[in-house]
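Residue numbers (my numbering): 136 to 201.
Dropping the structure here:
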């Protein structure tokens, strides 16, 4: 899949893109604040981002199915 096609798909579905990006950014922020300070910064940011992206996928899927 080319980057041009990915960009077209993202532009065609702005609400889904916004939900996924918003959840990912909120997850990064929460990971930074709430995950253990003993962890390196990159691990807290990555962990929060992955968790937020997962929540965004669940929200999007639940909305599309239900």
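We put the CB at the ideal spot given by N, CA and C, even for glycine.
Predicted model, so just to flag it, every value in this text is computed and none were measured.
Pick from the options that is closest to residue i, judged by C-alpha positions
| i | options | result |
| --- | --- | --- |
| residue 178 | 189, 163 and 191 | 163 |
| residue 152 | 139, 173, 195 and 140 | 195 |
| residue 157 | 144, 174, 183 and 200 | 183 |
| residue 161 | 185, 199 and 136 | 185 |
Distance CB(residue i)-CB(residue j) smaller than 9 Å
| i | j | result |
| --- | --- | --- |
| residue 167 | residue 180 | yes |
| residue 189 | residue 165 | no |
| residue 201 | residue 159 | no |
Cβ-based neighbour list, residue i, same chain, cut-off 7 Å, excluding 5 preceding and 5 following
| i | result |
| --- | --- |
| residue 139 | none |
Cβ shell of residue i (< 6 Å), same chain only, five flanking positions each side left out
| i | result |
| --- | --- |
| residue 145 | 152 |
Just to confirm the assignment: which complete alpha helix (DSSP H) runs, minimum length 4, are found wholly within the segment 176-200? 176-200
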